[in-house]
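Before any comments, here is the structure.
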Amino acid sequence: MSAEIHANESMSVRSLLAPLIAIVVGLFMVILDTTAVNVAIPTLADDLHSSLSLIQWTITGYSLSQAVVIPMAGWFSDRFGAKQTFIVSIILFILGSILCALAGTAEQLIAFRIVQGLGGGMVMPIAFAMTYRISPPESVGKIMGMMGLPVLLAPALGPVVAGYLVDYVNWQWIFLINIPVGIAGVIMSVLSLPNLPKKASAPLDYAGIALAPFAFGGLSYGLSEAGNGWSSAKTVAGLTIGAIAMILFVIIELRKKREPLLELRVFRSMQFTRGIIVQWVMQFTMFGLIFAIPYFMQRLMGMSAFEAGLWTLPQALASATMMPFSGRLFDRIGARPLVIGGLILITVGAYLFSLIDPSDSPWLFLAPRMLIGFGTGMSFIALNTHLIQTAPKELVGKVTSLTSAAQQVVGSFAIAGLTTLLVSRTNHYSSQGEAPIPDAMSHAFHNAYLLIAMFAAVGLLLAFTLRRPAKGQAAQPAVVMDAGH
């Protein structure tokens, strides 16, 4: 973006401190919560007398509700103002957190997590859009880079903080801790965030908003119910409704000329299409492992939630260490070598997980976790930048909304699908005479890790087809366009 866009909105670097702190507080709180619940799944299942197939919807429902509202962030910011939308989003997230802490059944917790996701989904795109708009043009890159720190730290700290609270306080505090942090974020936002000018907005895509939950939610529900049989009534109903809604959603979005909920015309670029499929494979792999490994550690290895949370740190630190080098290498060698190298590490790491038995030392998790962390850090920035550069130029501003929403949808599919696999394979091995825990479930997890490794291998093969875009296609604008167009 050119400096002219900032002429009436940018602030001095010194005056940015208070607004940036307010933005970071809200951003950090929401991102922390996206990974916190993973280590609490076994405890939630026990306390709420729920099966894994049901309780996983506390994560799946949260992801899907975020996917629905992420593309709407730009419209709400244009219509009501970025500051006002940011504050209301945090308030809704706080309300959802309070309700989650009060939940007495799994069904209630799932419903309240959806409320929480509706609030949290718009926080990240609006946070980055506001940061971009208020930053001096000459300092945009440096300030946006600093804003990436909470995005890296929060997912790493989420399982650790949640594990400690689950073990030494109670699981309700995973959500109650958001209340004082959120209130502080709201107060700071009211006092320090500037009132950025509102913009003319196109009519909201009501058809897309109505169909998206049925499309994404129906398919996720069908996948999660498939553990009871692919021909069961609930499975068939979920997959059928989801497939029909998805077809209608795609048709409507492609026909909508102005401001569709998701800009699907970017798929006209074959390089973009190949790249985003690789990204979906990576997201499936990462969401699947983030969900499966803590459950394996707690249910089968007897670890506490806090111990399982601590074991997420090596992967997060490896990823954070590799990312800066990846960014520098991208300018020299392009995306393909970095994505290929990253997926090789991820594939090997996922395969190594399949060799770990419940009786083994937890230190066997160290090498594969670090391999996956290095692989993610190596390929993440390169692949995202590749997607921006290979999208049709006139649609580049819509890429971030599409990829962010798709990430949540793919994550929900990963968790629903892996839950079905774990349940069905555990039942299969149990029917052959194995003890359900640990033997049958251990073999089921091995199957899940192998499936994830195969997904990563497919992504690796597809990564060889990526090509460096022609010179002159800039990636800079799309960093924040999803909420500030």
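Sequential numbering from 15 applies to the sequence shown in my numbering. Just so you know, even glycine gets a beta-carbon here, dropped at the ideal spot from N, CA and C.
1. Candidates E121, M136, V295: which alpha carbon is nearest Q80's?
2. Any idea if V82 is buried or exposed, counting beta-carbon neighbours within 10 angstroms, 16 or more meaning buried?
3. Which of the three DSSP states is assigned to P376 in this structure?
4. A192 lies in the alpha helix (DSSP H); which residues open and close that run?
5. Would you call Q421 buried or exposed, if buried means 16 or more other Cβ atoms sit within 10 Å of its Cβ?
6. Just to check my reading of the structure: G425 and Q297 have Cβ atoms closer than 8 Å, yes? What is that Cβ distance to the nearest angstrom?
7. Might you give, ordered along the chain, the residues of its own chain that have their beta carbon closer than 6 Å to the beta carbon of P450, omitting 5 neighbours on each side?
8. Would you call the segment 46–66 in contact with the segment 170–184, where contact means no fewer than 3 C-beta pairs closer than 8 Å?
9. For E217, collect the residues of the same chain with a Cβ closer than 8 Å to its Cβ; drop the 5 residues on either side in sequence, then sort them by chain order.
10. Give the DSSP-derived three-state secondary structure of I370 in the structure shown.
11. Following the continuous alpha helix (DSSP H) through I290, name the residue where it begins and the one where it ends.
12. Between which two residues does the alpha helix (DSSP H) harbouring I84 extend?
13. Quick one: what does DSSP say K248 is sitting in, helix, strand or coil?
14. Would you say A500 and T299 are within 8 Å of each other, going by their C-beta atoms?
15. Rounded to the nearest angstrom, what separates K213 and A419 at their Cα positions?
16. Which value, in whole angstroms, describes the spacing of the CA atoms of A257 and I386?
17. To which residues of the same chain is A477 closer than 6 Å at the C-beta, ignoring the five residues directly before and after it?
18. What number of angstroms, rounded off, separates the C-alpha of Q490 from the C-alpha of Q403?
19. Is F100 near G196, with beta carbons less than 8 Å apart?
20. Just the Cα atoms here: how many angstroms apart are G236 and I124?
21. Taking only the alpha-carbon atoms, compute the straight-line gap between A405 and N398 and give it to the nearest angstrom.
22. Measuring CB to CB, does I395 end up less than 8 Å from F339?
23. Could you pull the start and end residues of the alpha helix (DSSP H) that I69 belongs to?
24. Enumerated in chain order, which unbroken segments of the alpha helix (DSSP H) with a length of 4 residues or greater are wholly contained in the segment 123–154?
25. Please classify W377: is it buried, with 16 or more other beta-carbons within 10 angstroms of its beta-carbon, or exposed?
26. In this structure, how does DSSP classify M495 when only helix, strand and coil are distinguished?
27. Output yes or no for whether 8 Å exceeds the beta carbon distance between L78 and P169.
28. Can you find the residues in the same chain that come closer than 6 Å, C-beta to C-beta, to F459, ignoring five residues on each side of it along the sequence?
29. So, S149 versus I157, is the Cβ gap smaller than 8 Å?
30. Report the three-state DSSP secondary structure of V413 (helix, strand or coil).
31. Determine, using beta-carbon pairs with one atom in the segment 246–263 and one in the segment 219–233, whether at least three such pairs fall under 8 Å.
32. Could you spell out the range, first to last residue, of the alpha helix (DSSP H) harbouring E239?
33. Select from A221, N192, F320, F305 the residue whose C-alpha is nearest the C-alpha of T72.
34. Run through the segment 317–344 for me and flag every whole alpha helix (DSSP H) of 4 or more residues, listed as ranges in chain order.
35. If we ignore side chains and look at the alpha-carbon of each, how far apart do P452 and T440 end up?
36. Would you mind giving the Cβ-Cβ distance between L58 and S64, rounded to the nearest angstrom? I have them listed as a contact below 8 Å.
This is what the structure holds:
1. M136
2. buried
3. helix
4. Ala is not the amino acid found at residue 192; the sequence shown has Asn there. That run of the alpha helix (DSSP H) goes 192–206.
5. buried
6. 6 Å
7. S444
8. yes
9. With the sequence shown as reference, residue 217 is identified as Pro, and Glu is not the correct amino acid for it. Correct list, in chain order: R272, E273.
10. coil
11. 284–313
12. Careful: I84 lies outside any alpha helix (DSSP H) and carries neither H nor E.
13. helix
14. The question about residue 500 has no answer, for the chain in this structure spans 15 to 499.
15. 23 Å
16. 33 Å
17. V292, V353, I354, L357
18. Any answer about Q490 is weak, because its pLDDT of 44 lies below 50 and its placement is not dependable; what the coordinates show is given next. Distance between the alpha carbons of Q490 and Q403 is about 9 Å.
19. no
20. 17 Å
21. 11 Å
22. no
23. 66–69
24. 137–148
25. exposed
26. Low per-residue confidence applies at M495: pLDDT is 37, beneath 50, and the placement is therefore not dependable, though the value from the model is reported in the following sentence. Looking at M495 - three-state DSSP - the assignment turns out to be helix.
27. no
28. F310
29. yes
30. helix
31. yes
32. 220–239
33. F305
34. 319–324
35. 10 Å
36. 7 Å
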